[in-house]
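To start, the structure itself, in structure tokens.
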Amino acid sequence: MLKKLWTLILNTILPPRCSLCGQLTQSSQSLCADCFAELDFITPPLCQTCGLPLPPLVHGDLKCVRCLSQKSYFDTARACVLYNDISKKLIQNFKYYDHTELADILASLMARISDIDYKMFDLIIPIPIHTEKLKSRKYNQAALLAQKMGNILNLPVQLNLLVKITSTPAQAGLSFVQRQKNIKNSFNLNPKAATKLKGKNILLIDDVITTTATINEASRILKKHKARQVVAITFAHTHLQ
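Encoded structure:
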């Protein structure tokens with residue numbers, strides 16, 4: 002009761018506004034109708050492995066060219082929206098400009114991806130960042146999303162099970178092959194927690210899928226330590242082959 006009263010008072014003094022454009026909204030930590038309408042939600046047909054949208058006339062359980070040509074250690078990957086101007090702004094504000102409150106919006110949309118059975122998972126694990134990057138950025142955006150997803154789905158979250166052991170250059174601007182080489186052998190498992198993976202279905206969380214190099218390398222490590230199934234969920238997909 003007191004919490005609702007306090008929220009009402011705050012909303013009266015400081016009316017909630019869109020997290021992107023500043024328009025007045027119905028509730029805090031939300032997008033206005035105009036910004037929400039600019040999100041390009043991913044719908045079928047899509048690659049059954051990585052979730053990349055396929056041409057409209059494609060039918061059946063097909064894979065994209067990339068997934069046909071490489072070994073995927075993750076079982077499935079899905080993203081909520083395509084990476085366009087509005088989703089790019091959301092992610093950059095969240096990831097680089099300390100708008101950590103956006104984790105609520107992004108995770109709530111990720112949790113609605115319709116062709117994933119979230120009840121099957123035993124554990125949520127975020128893509129980790131190296132300690133050097135964590136010191137400079139102050140937070141890991143994937144870890145914040147994982148925690149929010151854990152709250153929404155009522156699933157346990159392990160933030161320190163998968164670790165980034167190599168400080169790799171940023172993946173942005175690299176080709177698929179360069180990204181694979183850049184991220185290779187950069188993850189490992191916390192030896193104190195290795196037994197927690199055996200036979201478990203893992204929900205792997207990150208903010209963006211670009212070429213799948215990062216989630217594939219992380220999944221390789223998880224499968225190496227006997228994870229039964231790894232499904233990766235992100236907010237956006239860049240539609241980049």
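Each residue of the sequence shown is one higher than the one before, counting from 2 in the numbering used here.
Cβ coordinates follow ideal geometry from the N, Cα and C atoms, glycine included.
Taking all protein chains shown into account, residue 23 has fewer than 16 neighbouring C-beta atoms within 10 Å of its C-beta and is therefore exposed.
Check the Cα spacing between residue 151 and each of 129, 134, 167 and 124: the tightest is with 124.
Per DSSP, residue 22 is not a residue of any beta strand (DSSP E), being assigned neither H nor E. Residue burial is scored here from C-beta neighbours: residue 79 has at least 16 other C-beta atoms within 10 angstroms and is therefore classed as buried. Under a 10 Å Cβ-count criterion, residue 121 is classified as exposed, with fewer than 16 other Cβ atoms of the shown protein chains found around its own Cβ. Annotation: residue 42 is outside any alpha helix (DSSP H) and is labelled neither H nor E by DSSP. Its chain contains 82, 83 and 85 as the residues whose beta carbon lies nearer than 6 Å to that of residue 41, once the 5 sequence neighbours on both sides are disregarded; these appear in chain order. With fewer than 16 neighbouring CB atoms inside 10 Å of its own CB, residue 70 falls in the exposed class. Going by C-alpha positions, residue 104 is about 10 Å away from residue 236. Rounded to whole angstroms, the gap between the alpha carbons of residue 45 and residue 67 is 18 Å. Nearest neighbour of residue 159 by Cα position, chosen from 228, 194 and 187, turns out to be 194. Note on geometry: alpha-carbon atoms of residue 32 and residue 153 lie some 19 Å from one another.
Distances from the CA of residue 93 to each of 202, 138 and 222 were compared; the closest alpha carbon is that of 138. The criterion of a C-beta distance shorter than 8 Å is not satisfied by residue 25 and residue 128.
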